[in-house]
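Structure first, commentary second.
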DNA sequence: GCCAACGTTGGC
DNA sequence: GCCAACGTTGGC
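In the numbering used here, the protein residues as written are 397 to 556.
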């Protein structure tokens, strides 16, 4: 099983939007970066996902999700009215793909970017690297667990 | 709103 | 195939 981090601007699609979606499941589409797409190609059903809110305040990992459907054509690329339209994508050669993800948990206290930077186990996390703006990133199992542990710690602290 | 970092495009 | 110009991302 692999672990991933996926970024979304909450004004576009937040973890609450995912939670509210039918069956807590929604397609993750609109990815128009080849490196991010290649990561999505490798996703398997059951893979775990850290849900990250970008371009907002606070910047934070806000919860977790699971991949429930592996890569299939991103139809938004075929829709001329979609902001994600790309004429290079055809039925024969879809170019872009999406996966379906299912809501798993929302952290009681989000783990902010600033907080992640203070966790020694996350020293080498891709997300924290300068200039890193990839919207779909691999995460090591250790890093994934460290984020969950930090989220639990923060949740505990809140009620202390 | 700014701007650094990165990705893409297109002329040559 | 290089690289300058341009567009986008996303933290600050």
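Ideal placement from N, C-alpha and C gives every residue a C-beta, glycine not left out. Being a predicted model, the structure only gives us computed values, none of them experimental.
Item                                                                                                                                     : Value
Compare the C-alpha of residue 585 against each of 503, 522 and 523 and name the closest.                                                : The structure shown does not extend to residue 585, since the chain spans only 397 to 556, so no value can be given for it.
Just tell me which of 528, 471 and 498 has its CA closest to the CA of residue 420.                                                      : 498
By how many angstroms is the C-alpha of residue 544 removed from the C-alpha of residue 538?                                             : 10 Å
Hey, how far is the Cα of residue 416 from the Cα of residue 547?                                                                        : 22 Å
Is the distance from the Cβ of residue 426 to the Cβ of residue 468 below 8 Å?                                                           : no
Can you say whether residue 422 is buried or exposed, counting buried as having 16 or more other CB atoms within 10 angstroms of its CB? : buried
Apart from the five residues on each side of it in sequence, which residues of its chain come closer than 8 Å, Cβ to Cβ, to residue 437? : 467 and 493
Just to confirm, are residue 501 and residue 465 a CB contact at a threshold of 8 Å?                                                     : no
Let me know if residue 561 comes out buried or exposed under the rule of 16 or more other beta-carbons within 10 Å of its beta-carbon.   : It is not possible to answer for residue 561, since the shown part of the chain is limited to 397 through 556.
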